[in-house]
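Written below as structure tokens is the structure these notes are about.
2 protein chains.
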Amino acid sequence: MTTDTRVRILIAAAALFARKGFHGTSTREIAAAVDVRQPSLFHHFASKQAILAELLDRDLDPTLGRLRRLRASTPDPASALYAYLLEDIAELAVSPFDARGIYNDEVLEDPGLRPQRRKRRALHAEIRELVEEGIESGVFRSVDPAFARRAISGMVLDTIWAKESDDAGDLADRPRQLAEFVLRGLLRDPAAIEAVRQRALETGDR
Amino acid sequence: MTTDTRVRILIAAAALFARKGFHGTSTREIAAAVDVRQPSLFHHFASKQAILAELLDRDLDPTLGRLRRLRASTPDPASALYAYLLEDIAELAVSPFDARGIYNDEVLEDPGLRPQRRKRRALHAEIRELVEEGIESGVFRSVDPAFARRAISGMVLDTIWAKESDDAGDLADRPRQLAEFVLRGLLRDPAAIEAVRQRALETGDR
DNA sequence: GTCTATACTGGGATAGAC
DNA sequence: GTCTATCCCAGTATAGAC
């Protein structure tokens, strides 16, 4: 018994969205990739947009959950951020759904994707709060939290684009590299990074 | 005498591409924004893609030029990178052409945009080399240069997205914040950042 | 250099049989 | 749950008058 057609549609659509964008991908292409006829898609999803909505949900929901859990269980904002970045990048790397095409902000603008847009905002707010906590407690430099949040999102996004790029480098080490880079940019005392990583790994492992 | 229609098309198209993406923007919308009929566009540009191509050229050519000039005139890679980031972000902020929509990699894949794709690769290569030089000379930590290049691109891209966002923070200070963040992530000795900034400003000012 | 009219294509989605 | 057939619209681009 092969994988659920519904899931195969999601996987194929995600891959195509990543390569050609949402608008640049036709339902016919998705259908061809799944090896069904184009109208069959509409038995599983009400619309092309509904496919995207489910992809977004399947990425945003667990990500938001992870971050909130980490924030609750890890008092130190620096370690929480470090652990979040590790987990997020690692998760993106192993997910069957290629996330590279679903966060082009243009597409999230559509009124039909309001719930997803709200979740994404919530995620951004959580990260931003984490940065603010770090600044208030004095561990982070006093950067503009909005800027830091954007820088982090941009790096994460662009890092996952490296999935199959030619100049990808050592992919397995990417989560750590990213977390390290971000924390170094934020920490008032970069030497503290060893301790931060240590605490982050402790919380992550249990 | 109002601005050249050709230029007004470029400005309007860039703004729409930024908001809705290339595929998500129709030539009708562009025409409406310029207040001409849709077929009139084709007097100025051979195709919709040609509009995008020119936008890319107008951004890539000067950017690549600036970076190469800086590399030639600034022996210290750390300062060169700092100066480049300052200039690049500042330039993006004042450009009449909104650059946010033109670098969705999906769209650069089209065979018709090969020249632009090549230029972009060249730009990436230059940045990567800058990072490599910094590592070889011992000023930068030994990060994966491909990763660093991606992180930088991602941050720049996402930073310009902040142009009119609600949580934009202090926009005027963004170039410095970005350059500082990146250099802190790279420098082996973060305390050296003062000297790096100093040298960068000297080269930039003349 | 801009217009109107229109050709042509491809895309999303539905109807209804099996 | 998948198929064939088909509708309908939106999109790019061209022709040719002014």
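Chains A and B are the protein sequences, given in the same order.
Quick note, the first sequence lines up with residues 72 to 277 if you use our numbering.
Quick note, the second sequence lines up with residues 72 to 277 if you use our numbering.
Backbone N, C-alpha and C define an ideal beta-carbon position, used for all residues, glycine too.
Proximity test, Cβ basis, 8 angstroms: residue i and chain B
i, result
"V165(A)", "no"
"A233(A)", "yes"
"G183(A)", "no"
"P146(A)", "no"
"R191(A)", "no"
"D130(A)", "no"
"P261(A)", "yes"
"R188(A)", "no"
"R18(A)", "Residue 18(A) lies beyond the range of chain A shown here (72 to 277); nothing can be said about it."
"R137(A)", "no"
Nearest to residue i (by Cα), restricted to the options the options
i, options, result
"R199(B)", "P261(B), L179(B), R140(B), S224(B)", "S224(B)"
"Y174(A)", "I231(A), V214(A), G209(A), P261(A)", "I231(A)"
"A266(A)", "R212(A), P148(A), S118(A), G92(A)", "P148(A)"
"A227(B)", "R188(B), L249(B), K119(B)", "For clarity, residue 227(B) is Val in the given sequence; the question names Ala instead. Ranking R188(B), L249(B), K119(B) by Cα distance to V227(B) puts L249(B) first."
"P246(B)", "R259(B), L258(B), R268(B)", "R268(B)"
"L87(A)", "A124(A), D181(A), I101(A), E162(A)", "I101(A)"
"R108(B)", "L135(B), T76(B), A121(B), T134(B)", "T76(B)"
"P186(A)", "H115(A), V105(A), A271(A), D132(A)", "D132(A)"
"D215(A)", "G209(B), R191(B), E251(B), R188(B)", "E251(B)"
"L179(B)", "L163(A), L258(A), R90(A)", "R90(A)"
"E177(A)", "L152(B), H94(B), G256(B), A262(B)", "H94(B)"
"K190(A)", "T134(A), S111(A), R142(A)", "T134(A)"
"L152(B)", "R139(B), S118(B), L184(B), E162(B)", "R139(B)"
"R137(B)", "R79(B), L157(B), A124(B)", "L157(B)"
"R171(B)", "R212(B), R188(B), E273(B), D229(B)", "D229(B)"
"F218(B)", "P146(A), V253(A), L112(A), L81(A)", "V253(A)"
"V202(B)", "E125(B), D181(B), G256(B)", "G256(B)"
"D130(B)", "T145(B), E162(B), L141(B)", "E162(B)"
"D241(B)", "D241(A), P261(A), S213(A), A262(A)", "S213(A)"
"G92(B)", "V78(A), I206(A), A117(A), D181(A)", "D181(A)"
Residue-level contact to chain A via CB, residue i, 8 angstroms cutoff
i, result
"K119(B)", "no"
"E200(B)", "no"
"D215(B)", "yes"
"R77(B)", "no"
"A221(B)", "Just to set this straight, residue 221(B) is Arg in the shown sequence, not Ala. Cβ-Cβ to chain A under 8 angstroms: yes for R221(B)."
Chain-ordered neighbours of residue i on chain A, where CB pairs are closer than 9 angstroms
i, result
"K91(B)", "H94, E177, V178, E180"
Chain-ordered neighbours of residue i on chain A, where CB pairs are closer than 8 angstroms
i, result
"S224(B)", "D229"
"R268(B)", "Going along chain A, no residue has its Cβ under 8 angstroms from R268(B), so there is no contact; the nearest lies around 14 angstroms."
Neighbour list for residue i in chain B, Cβ cutoff strictly below 7 angstroms
i, result
"G256(A)", "F252, R255, G256"
"S110(A)", "A small fix is needed here, since residue 110(A) is Pro in this sequence, not Ser. Those do not exist, as P110(A) stays about 22 angstroms from chain B at its closest Cβ, beyond 7 angstroms."
Cβ-Cβ separation, residue j to residue i (assumed contact under 8 angstroms), whole Å
i, j, result
"V105(B)", "A83(B)", "5 angstroms"
"R270(B)", "V210(B)", "Not a contact, Cβ separation roughly 12 angstroms."
"A85(A)", "F168(A)", "4 angstroms"
"L126(A)", "L81(A)", "6 angstroms"
"L141(A)", "T274(A)", "7 angstroms"
"R278(A)", "A233(B)", "A question about residue 278(A) goes unanswered here, because the residues of chain A that appear run from 72 up to 277."
Residue i Cβ short of 7 angstroms to the ligand SAH heavy atom set
i, result
"D244(A)", "Here there are no bound small molecules, and the ligand SAH is not part of this structure."
Along the chain, which unbroken stretches of the beta strand (DSSP E) at least 3 residues long are found entirely within the region 81-136 of chain B? none
Taking only runs that begin and end inside the region 244-274 of chain A, name each unbroken beta strand (DSSP E) of 3 or more residues, in chain order. Complete beta strand (DSSP E) runs here, min 3: none at all.
Could you pull out every unbroken alpha helix (DSSP H) segment of at least 4 residues lying fully inside the region 137-189 of chain A, listed in chain order? Counting only runs that start and end inside the region 137-189 of chain A, the alpha helix (DSSP H) elements of at least 4 residues fall at 148-165, 176-179.
Jot down the residue ranges of each uninterrupted beta strand (DSSP E) in the region 199-225 of chain B, minimum 3 residues, whole runs only, in chain order. Fully enclosed beta strand (DSSP E) runs of 3 or longer: not present.
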